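Order-wise, the sequence lines are chains A and B.
Numbered according to our numbering, the first sequence terminates at residue 146, and the numbering increases by one at each position without gaps.
Numbered according to our numbering, the second sequence terminates at residue 486, and the numbering increases by one at each position without gaps.
From the three backbone atoms N, C-alpha and C, an ideal C-beta is built for every residue, glycine too.
It should be emphasised that the depicted structure is a prediction, and the values quoted were computed from it without experimental measurement.
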Amino acid sequence: MYRLMPSDAFGFELRDHTADIALFVWGDRLEALFRAAADGLYAAIGEIHAHSPCARERLDIHAHDTESLLHDFLDELLFRFETRGQRLGDFTFDRLDDTLLMATAAVSVVDATTSILDREVKAVTYHDLNIVRTPGRYEVTIILDI
Amino acid sequence: MDKKFEGKLERIDACRWRIPKSHKQGMRVDGVVYADDRLVKLIRNDYSLEQVANVACLPGIVSHSLAMPDIHFGYGFCIGGVAATNPDEGGVISPGGVGYDINCGVRLLRSDLCEADVQPRLTDLVNSLFISVPAGVGQRGDVKFDAHELRQLMKSGSRYVVERGFGLAADVEATEAHGCLPDADPDLISDRALQRGAEQCGTLGSGNHFLEVQVVDHVFDGPAAAALGLREQQVCVMIHSGSRGLGYQVCDDYLKELRDTPRKFGIDLPDRQLVCAPVDSDEGRRYLGAMRAAANYAWCNRQILTHLARKSFESVFGLRPPQLGMALVYDVAHNIAKMEPYDVLGKACTLCVHRKGATRAFPPGHPEVPARYRSVGQPVLIPGDMGRASYVLVGQPGSMTDTFGSSCHGAGRVMSRTASIRDAAGRSIRQELLDKGIVARARGRRGLDEEQPAAYKDVNDVVHVVDAAGISKRVARLRPIGVIKG
């Protein structure tokens, strides 16, 4: 399954990976890649329906390299989903480079009554995590341990 | 993983194969894979054998990089991998050799009920368990611990929750390591991990975690079964779960913390997911302390699940605990690293034994085996898939000479989750199980389909290999009659 957003060239696909799930993500810019990865993570968890956003919050993440930045970004989304029942979206990236992410996100509370949760994502792994950059395209495959 | 292993596998005997250390530059020892001819064909289909070879490159690895017959692809280490390293020779500890789900493990409860007692109320029992045992994505437990209590239970292990009413002292005695790894350091657990774990102690989880009502279907070894309190037609409960979000976060935290450690110590790794630190280093000690704390959390988790299962049985059958006789046979970890004494070429050493999807299997006479089992060996609990059998084995002397006291842990996947769901399309796995007399309830759309029997190797084949290899011996086979999945 994949989703292609009409306004930006980015999307994701969930693929086989023996005991786990591979999230293949692409985007025409780094911001698009991160947005698609967020969408893909939530899709891997299930059909998540959320109430209207209740706040916008800042995300400030600093990491060793871009792959680690992506890992930590998704890890934050997973953490908030699991511990606070939140879904984050509508990201506005003030800064996103190889090691620093500064963004704001709309925070919504997940509607537990209408959401269909398929999988427990234990972790976003570092397995073969490598963002491939070509002119006008970024791609990465993220293995989710489930 | 689409890649297959392209290297040479040399037959050692009917149950073992060697990956020679000439296969890859950097291998310090050979790889040894436990498998028969049928299983080895399946094993070659993914990249797990290359991972066995990669693990053989770890500093201080002793004897062999080992793989059990339920091997399949993992992160860094394969699932089903065993590796012992010697700290005195720069041996390392690697979080990938334990896994994200620290102390994922299994426990088995026996009862004084037989199948004929349970069958008339089986659906009620499964429904009661399904309601009582929190399972599935986003499910929080009814038992909540604050940060202070979490630190206490991570220090003390399952005894902490037993003392608070979630079981019996005898449960602690019947748990590997008495439900507590010493030298756990809860202060090394991040706030993030604590938050993930705060409401999950006493929850089953999802994926391949389960709680099953089982019947002892066949006894292979009468005296050993008697020692374990097992007999044919007896109803048992098997619980498979681990350290939940707390453990997953600990692994993730330390994979990050140790990222640059191999470079610091001049360790060249064929796979960066084998990130590691010398056991005898600050970094290694930190991971060990945190891993132990997470392991202790897992034992508390399984102890609370035990309590909830007992309560369901009491409620459904209207019997008090002495009448039910639901005693813990044993609890084993199958994702863990432990410091254990072994004789290496005539010298007594304390080794760091990584078991990732492998179970400790100490033989008769070993001092860590509970006294009442010491004549027969440590119980080894092998969950199969939900449509087939599970097994109880006991450790055998071959484990100490050949596999650092280790045996297999389960059936091992052969089909990806997506392929399993595709294979299940148009079928009702629940009905197929019901046709076999198994009442199953799962949360989530995919639970039963993803975990259908065809997704796994045949556990009978896996157990046959470890039995034939002399590392553990079949005692009893159990078949499921009720299944709860998250």
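Tell me whether the beta-carbon of residue i lies closer than 7 Å to the beta-carbon of residue j.
i, j, result
"residue 100/B", "residue 123/A", "yes"
"residue 283/B", "residue 277/B", "yes"
"residue 480/B", "residue 199/B", "no"
"residue 60/B", "residue 32/B", "no"
"residue 395/B", "residue 312/B", "no"
"residue 22/A", "residue 143/A", "yes"
"residue 55/B", "residue 83/B", "yes"
"residue 31/A", "residue 74/A", "no"
"residue 429/B", "residue 130/B", "no"
"residue 295/B", "residue 181/B", "yes"
"residue 102/B", "residue 197/B", "no"
"residue 48/B", "residue 72/B", "yes"
"residue 106/B", "residue 240/B", "yes"
"residue 361/B", "residue 315/B", "no"
"residue 206/B", "residue 266/B", "no"
"residue 97/B", "residue 356/B", "yes"
"residue 292/B", "residue 177/B", "no"
"residue 527/B", "residue 392/B", "No information on residue 527/B is available, as it lies outside the stretch 1 to 486 that chain B covers here."
"residue 93/A", "residue 103/A", "yes"
Take residue i and list the residues in its own chain whose beta-carbon comes closer than 8 Å to its own, dropping the five residues that flank it on each side.
i, result
"residue 36/B", "14, 15, 69, 461, 464, 465 and 468"
"residue 236/B", "108, 109, 110, 111, 213, 214, 215, 216, 230, 329 and 478"
Skipping 5 residues on each side, what residues in its chain have a beta carbon closer than 6 Å to that of residue i?
i, result
"residue 269/B", "262"
"residue 129/A", "67"
"residue 192/B", "249"
"residue 94/B", "274 and 276"
"residue 188/B", "286, 289 and 290"
Does residue i have its Cβ less than 7 Å from a Cβ in chain D?
i, result
"residue 399/B", "Looking for chain D here will not work: the only protein chains present are A and B."
Classify residue i as buried or exposed, calling it buried when 16 or more other Cβ atoms lie within 10 Å of its own Cβ.
i, result
"residue 85/B", "buried"
"residue 201/B", "buried"
"residue 1/A", "At residue 1/A the pLDDT is 38, less than 50, meaning the model places this residue with poor confidence and gives no usable figure here."
"residue 148/A", "The structure shown has nothing for residue 148/A, since chain A only spans 1 to 146."
"residue 321/B", "exposed"
"residue 382/B", "buried"
"residue 218/B", "exposed"
"residue 144/B", "exposed"
"residue 54/A", "exposed"
"residue 431/B", "exposed"
"residue 403/B", "buried"
"residue 25/B", "exposed"
"residue 22/B", "exposed"
"residue 116/A", "exposed"
"residue 131/A", "buried"
"residue 86/A", "buried"
"residue 51/B", "buried"
"residue 434/B", "exposed"
"residue 234/B", "buried"
Could you pull out every residue in the same chain whose Cβ sits closer than 7 Å to the Cβ of residue i, ignoring the five residues on either side in sequence?
i, result
"residue 111/A", "49, 50 and 51"
"residue 363/B", "377, 395, 396, 397, 399 and 400"
"residue 62/B", "84, 85, 86, 344 and 351"
"residue 6/A", "Annotation note: pLDDT 44 at residue 6/A (below 50); position unreliable, no value reported."
"residue 27/B", "21, 53, 56 and 57"
"residue 147/B", "194"
"residue 24/A", "12, 13, 15 and 141"
"residue 307/B", "166 and 167"
"residue 369/B", "362, 377 and 378"
"residue 69/A", "61, 63, 99 and 101"
"residue 109/A", "50, 51, 54, 85 and 86"
"residue 10/B", "17, 18 and 20"
Can you list the alpha helix (DSSP H) stretches of 4 or more residues lying completely in the segment 169 to 255 of chain B, in chain order? 169 to 173, 191 to 197 and 222 to 228
Start-end ranges of the alpha helix (DSSP H) lying completely within the segment 131 to 163 of chain B, minimum 4 residues: 147 to 156 and 158 to 162
Count the CB pairs spanning the segment 116 to 135 of chain B and the segment 77 to 84 of chain B that are closer than 8 Å, and state whether there are at least three. no
Give the list of continuous beta strand (DSSP E) stretches no shorter than 3 residues that lie fully inside the segment 358 to 434 of chain B. 379 to 382 and 390 to 395
Pair every Cβ in the segment 296 to 306 of chain B with every Cβ in the segment 369 to 384 of chain B, then say whether three or more of these pairs are closer than 8 Å. no
Is the segment 323 to 340 of chain B in contact with the segment 139 to 156 of chain B, if contact means three or more CB pairs nearer than 8 Å? no
Is there contact between the segment 68 to 82 of chain A and the segment 10 to 20 of chain A, where contact requires at least three CB pairs shorter than 8 Å? no
Do the segment 217 to 230 of chain B and the segment 164 to 179 of chain B meet, that is, are 3 or more Cβ pairs less than 8 Å apart? no
Closer than 8 Å is the cut-off here; do at least three beta carbon pairs connect the segment 229 to 236 of chain B with the segment 325 to 332 of chain B? yes
Considering only residues of the segment 272 to 354 of chain B, which uninterrupted beta strand (DSSP E) runs meet the minimum length of 3 residues and lie entirely inside it, listed in chain order? 327 to 333 and 335 to 344
Please specify which runs of the alpha helix (DSSP H), each continuous and at least 4 residues long, are wholly inside the segment 52 to 137 of chain A, giving them in chain order. 66 to 84
Can you check the segment 63 to 118 of chain B for any alpha helix (DSSP H) of at least 4 residues that lies completely inside it and give the ranges in chain order? 115 to 118
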